[in-house]
Structure formats: C-alpha cells, structure tokens
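Everything on this sheet refers to the single structure shown next.
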Ligand code: TRP
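So this is what it looks like as structure tokens:
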C-alpha cells in the first residue's frame, strides 16, 4: 500500500516556541508513522520579514534541531531546507502566470496591510508569499498539509492554483488538503493572546528548566485569591495544561480550581512539571544537535537531495504540460 504524503514548512523566524511545537511540530512528527513525511525549513519565506543573515542561519538550525529532537527520524522522513531545492522558485513562476491578481488581493496578510493603509509598503515577496507557498506544496505532490488554522487560506489558494494550472494544461498537479488538529487550533501565549513571537508572549520549547519555570510562573492570570473557587475554562494556565497533561490530570486540575484553596501558583507548578515531563527528555538531544552544525547540515543536505528528485519529477511534468523543454541537467 502506498502511503499518503504529508508535507509542511516552518519559517525560521526565531527560536521555536510551544505554539510552534504543539500547533505544528508535534502533529507533523506524529504523521511520519502513517504518512510519507516531507518537512522543510521555509527560509525563503522568512526573508519576507527578516533581513539578518546570522539570525536566519541560526534559526534555520534551531527549527531543524527542534523537529529532530521532537522525534522526526531523518531515515524515514525527509527533512530539508526550502532554498536547497531551487526548483520551487521556478514552479512559483508557473503558478504565478495562471494566478489572477484578485486571488492574491484576498490573502489575509495583504488585506490586513491594506486595511492599515500599508498596502504600498509591503514587498513583492510578501504579496507573492501565497504563490511560493503553493509551489512548496505542489512541487512534492503533497496529499495533506498539517498546519495551524491561520494557514488554511494559503492551502486553499494552493488548491486554486493547482486547479488553474490543471485546467489549462491537463492534470499535472496533485490537489492537497489542509490537516488541522481540531483540539489544538490556537495555543495561547503567556498573556492569553495567540502565542506568537510578534506579541512577545512565547515560551521557547527547549529553554533550560529554570528559565522554563520562570516563563510559566509569568503566565497571566486573574487575581482571584487562593481560597476562592476558580473557573478553569478561559484560564491561560489551564489551557496550556490541557496540551500536556493526561485527561485524568486535566480533570483533576479542573476539580481543584472549582473546589477553591488551589492557587494559580499551584496550577503553574503542575504545568511546569507536565511540560518538563513532555519536552524535558528531548532537551539533551536538541542541545547536542545544536552543538553539531555540520551534522545538522548533513541531515538537511541529504534530505534536500531526496526531495529534489521528487521536485524535479513534478517540475518536468509541469514543464512538459506548459510546452517547455525538459530541465537542463
Ligand atoms: N506559511 C507557513 C507559516 O507561516 C510556513 C510555510 C511555508 C508552509 N511554506 C509552507 C506551511 C508550505 C505549509 C506548507 O507557518
């Protein structure tokens, strides 16, 4: 039986945090059990927002090391760096040529810029972001794309672009489907908003235990006194606890909140311990990977050479359909 192919990308825009981890990394890693997994560090996309070469290199390694520490097996899964497969930029061009401006004007990121009166300030790269992302997905014949809720529009745009190209040139591209884990659609940050680097409310996955505890203790709660009963739903600590604790532990914490005499400090300590149980054992692997940049490069380059074989096959199909010669060797 041939397995379906799962593909996703993570932008290297900073050290991976729990939002990245529970929203995308962990579910993506789990899919290697049932799917042929293709995951890449989306460094070309990161260039739409960051212009710091050293930061780009460091963050690319942090993202790759996090995927690996979280259990991605480079022997079974293909882990690579987006820019190591330059064919993606050619496919982006072909998609761009069959994509109407109207579609791109409806992209959330563009619309937000427009509403804030900044439409003229965004770069062409930001405007074309959905086209490159569609190319990422379609270049590898992906069946499913595990992503966060916020990325679903991009997958739908990729479906549209594949449809347009196929309508013109015959069935050359496979239609991908988004895969959103319903129970973890949004991960809250320390201030209760969506965990995001731009809000400064993140908790890094593999920070040292002391720093992790400090970050957890800094999560915002209301000021209900310890003695009083509390409502677990809507509490930031409780929400994060639901991601890492067993259903029995979650039920127990909920009961303690409602009973009173249980303070947010207790809940935070429980959250810290549960987090430590979950990601603590992976921290050493992460540190080791980060301490061996040449080893990480070997893994990424090896992944890229495998990904490239698939990419060239799909690009040949597209080129043949369009009326271009075969790729030069
Ligand atoms: N845009 C995605 C994000 O910001 C990252 C990404 C780039 C991606 N290319 C992709 C995700 C292809 C899935 C498939 O999270």
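Numbering (my numbering), first residue to last: 5 to 333.
Ideal Cβ positions, reconstructed from N, Cα and C, are used throughout, including at glycine.
CB of residue i within 7 Å of CB of residue j, strictly
i, j, result
"residue 208", "residue 38", "no"
"residue 325", "residue 174", "yes"
"residue 172", "residue 102", "yes"
"residue 268", "residue 236", "no"
"residue 157", "residue 112", "yes"
"residue 186", "residue 161", "no"
"residue 52", "residue 100", "no"
"residue 319", "residue 95", "yes"
"residue 73", "residue 290", "yes"
"residue 126", "residue 117", "yes"
"residue 307", "residue 82", "yes"
"residue 287", "residue 210", "yes"
"residue 272", "residue 241", "yes"
"residue 204", "residue 224", "no"
"residue 148", "residue 107", "no"
"residue 43", "residue 12", "yes"
Neighbourhood of residue i by C-beta, 8 Å cutoff - its chain only, sequence neighbours within 5 removed
i, result
"residue 222", "194"
"residue 92", "48, 86, 136, 139, 140, 143 and 315"
"residue 90", "none"
For residue i, the first and last residue of its enclosing alpha helix (DSSP H)
i, result
"residue 9", "Segment 9-14 is the beta strand (DSSP E) holding residue 9; no alpha helix (DSSP H) there."
"residue 111", "No alpha helix (DSSP H) contains residue 111, which DSSP labels as neither H nor E."
"residue 167", "156-173"
"residue 95", "91-100"
"residue 133", "128-142"
Contact set for residue i: own chain, Cβ-Cβ below 6 Å, skip 5 residues either direction
i, result
"residue 248", "278, 279 and 282"
"residue 168", "102"
"residue 226", "none"
"residue 321", "176"
"residue 258", "236"
Neighbourhood of residue i by C-beta, 7 Å cutoff - its chain only, sequence neighbours within 5 removed
i, result
"residue 67", "14, 16, 20 and 45"
"residue 35", "10, 41 and 150"
"residue 65", "294, 297 and 300"
Beta strand (DSSP E) segment containing residue i, residue limits
i, result
"residue 150", "148-150"
Identified DSSP bridge partners for residue i
i, result
"residue 182", "149"
"residue 21", "208"
"residue 192", "198"
Residue i beta carbon near ligand 3 (any heavy atom closer than 6 Å)
i, result
"residue 133", "This structure does not include ligand 3; its bound ligands are ligand 1."
Practice problem: Note down, one range per segment and in chain order, each alpha helix (DSSP H) of at least 4 residues found wholly within the segment 207-259. | Solution: Fully enclosed alpha helix (DSSP H) runs of 4 or longer: 213-221 and 240-248.
Exercise. Pick out the complete alpha helix (DSSP H) segments inside the segment 248-315, 4 residues or longer, and give them in chain order.
Key: List check, alpha helix (DSSP H) in window: 251-263 and 268-294.
Self-check item: Whole alpha helix (DSSP H) elements within the segment 29-86, 4-residue minimum
Solution: Contiguous alpha helix (DSSP H) elements confined to the segment 29-86 occur at 30-34, 47-50 and 57-73, taking only those with 4 or more residues.
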